[in-house]
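K.L.:
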Amino acid sequence: MHPHLHTKDNAACHDVMIAFEECHARGFLWKSMGMCNELKEELASCLRAERFKTQKMNQNSVADKKAVIRQKWKEIDENS
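Read in order, the letters of the sequence shown correspond to residues 1 to 80 in full-length UniProt numbering.
#1: So what's residue 7 in DSSP terms, helix, strand or just coil?
#2: Indicate whether at least one CB of chain C lies closer than 8 angstroms to the CB of residue 63.
#3: Does the distance from the C-beta atom of residue 12 to that of residue 46 stay below 8 angstroms?
#4: Report the three-state DSSP secondary structure of residue 48 (helix, strand or coil).
#5: Within the continuous alpha helix (DSSP H) that includes residue 32, where are the two ends?
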């Protein structure tokens with residue numbers, strides 16, 4: 001797998017990544033016959049789910065920051 005996928009953010013997918021790497025290590029013929037396709041799909045769905053969780057967390061963080069900024073602007077407008 002690509003090194004950038006082996007991060008703390010994708011820790012839930014670590015076992016699937018290892019299994020996928022082991023499948024690919026069996027050789028070209030094993031891969032070309034589609035023996036790793038099921039693992040590939042499982043890994044893709046796992047990474048997609050992890051990315052979705054990260055996106056939701058980031059969206060919530062941004063919403064909180066925007067609420068704080070709105071409150072500060074409201075206080076500035078009230079005091080002006």
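Note that the Cβ used here is the ideal one computed from N, Cα and C, for glycine as well.
P.N.:
With the given structure in hand:
#1: Position 7 of the sequence shown, counted from the start, is the residue given in the question as residue 7. Note: residue 7 maps to coil in three-state DSSP.
#2: The chain labelled as chain C is not found in the depicted structure, where only one protein chain is given.
#3: By one-based count along the sequence shown, residue 12 stands at place 12. By one-based count along the sequence shown, residue 46 stands at place 46. Yes. Within cutoff.
#4: Position 48 of the sequence shown holds residue 48. DSSP places residue 48 in helix when its eight states are reduced to three.
#5: Looking up residue 32 in the sequence shown gives position 32. Counting along the chain, the alpha helix (DSSP H) containing residue 32 begins and ends at 28-32.
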